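Residues in the first sequence are numbered from 6 upward in steps of one, following this note's numbering. Quick reminder that beta carbons are idealized off the backbone N, C-alpha and C, glycines included. All of these numbers come straight from a predicted model, not from anything done at the bench.
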Amino acid sequence: MRFVKIAHMKKAEVLTEIYDSLFKSFGKQYWWPGDTDFEVVVGAILTQNTNWTNVEKAIKNIKTAKVFTLKKLYQINEDKLAELIKPSGYFNVKAKRLKNFLEWLFTNYNGSLTKLFKQDCAILREQLLSVNGIGRETADSIILYAAKKPTFVVDAYTKRVLVRHGLITEDYNYEAIKAVFEENLPKEVSFYNEYHALIVRVGKYYCKPKMRCEECPLKDVYRTRPRQN
DNA sequence: TGCCAGGCCGGGT
DNA sequence: ACCCGGCATGGC
6 MRFVKIAHMK KAEVLTEIYD SLFKSFGKQY WWPGDTDFEV VVGAILTQNT
56 NWTNVEKAIK NIKTAKVFTL KKLYQINEDK LAELIKPSGY FNVKAKRLKN
106 FLEWLFTNYN GSLTKLFKQD CAILREQLLS VNGIGRETAD SIILYAAKKP
156 TFVVDAYTKR VLVRHGLITE DYNYEAIKAV FEENLPKEVS FYNEYHALIV
206 RVGKYYCKPK MRCEECPLKD VYRTRPRQN
């Protein structure tokens, strides 16, 4: 029985098994989907609680308007920006959040992402979290996929996958979940990059609230409540 | 058709 | 330290 086998494995082994299984099923994901570091930052804010396809429409609008540069978005009128990013939802708050970030970047880093990213990983995270509108996941996405420093990105999918595998319980918060990965796996940017992308991939199509685990590519790795939901 | 998507903030308890 | 309402479009 596969569940018996998994039951006595250590967390590191289960996490590795999950990764290997996902990679085998889906292959390389080529994340983050974006042409530049700045596009990663914008995408990270726009995708908050929003489907990525909607974000793509918003990004396309910004490009079509020929204002997809740090300086131009810094200068553009907030309402005008909100209009451009409308398809991504919550357009008023997101326009404000983008503006908050840009205002902060120009004030503190002379509008230079390079200067911002040059800092130590932990400092960079603190800095990003100090910006209103940038929370943990958004900050970690920016650090991993734009600054390319090793921090594990956690999202709703990540929690669901770990809970279903019995690695954590429902009460684990963001930092605790992040620690499960970082304390059990090598801190490598390319590895974290691929792992998070694969989790999003499996979460999008299989590991959904009402979906049965039998349909999921990870079914052979499950050990708890494999036949519930 | 209603539900959900790669969250975050601010106010209340 | 949690808990909750608000924010909003588009796809299935």
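Among the options, which has the Cα closest to the Cα of residue i?
i, options, result
"F157", "V226, F73, E83, A184", "A184"
"P155", "E188, I173, C126", "C126"
"W109", "K123, R130, F122, S135", "S135"
"L51", "V72, A100, Y35", "A100"
"E18", "K120, L172, N115", "L172"
"K192", "L149, P38, I64", "L149"
"E180", "A152, K215, A144", "A144"
Where does residue i fall in DSSP's three states?
i, result
"Q80", "helix"
"E18", "helix"
"I90", "coil"
"E193", "coil"
"G48", "helix"
"I67", "helix"
"V5", "No information on residue 5 is available, as it lies outside the stretch 6 to 234 that the chain covers here."
"F8", "With a pLDDT of 46 at F8, under the threshold of 50, the predicted position of this residue should be treated as unreliable, though the coordinate-derived value follows. Helix."
"Q132", "helix"
"V158", "coil"
"N97", "helix"
"T163", "helix"
"S117", "coil"
"W109", "helix"
"H201", "helix"
"P231", "Low confidence applies here, because P231 scores a pLDDT of 40, under 50, leaving its location unreliable and the question unanswered by this model."
"A152", "coil"
"N137", "coil"
Within 10 angstroms of its Cβ, does residue i collect 16 or more other Cβ (buried), or is it exposed?
i, result
"Y200", "buried"
"T74", "exposed"
"T163", "buried"
"D40", "exposed"
"V98", "exposed"
"Y35", "exposed"
"G32", "exposed"
"A161", "exposed"
"D225", "exposed"
Exercise. Would the region 135-145 and the region 96-111 be scored as touching if the rule is three or more Cβ pairs under 8 Å?
Worked result: Judged by Cβ distances under 8 Å, the region 135-145 makes contact with the region 96-111, as three or more pairs qualify.
Problem set entry | Touch test, the region 197-216 against the region 21-40, Cβ-Cβ under 8 Å, three pairs minimum | yes
Problem set entry | Meets three-Cβ-pair contact criterion under 8 Å: the region 48-63 and the region 85-99 | Contact between the region 48-63 and the region 85-99 is present, because at least three Cβ pairs lie under 8 Å.
Exercise. Touch check for the region 189-196 and the region 211-223: three-plus C-beta pairs under 8 Å?
Worked result: no
Problem set entry | the region 79-86 touching the region 50-57, judged by at least three CB pairs closer than 8 Å | Counting Cβ pairs under 8 Å, fewer than three are found: no touch.
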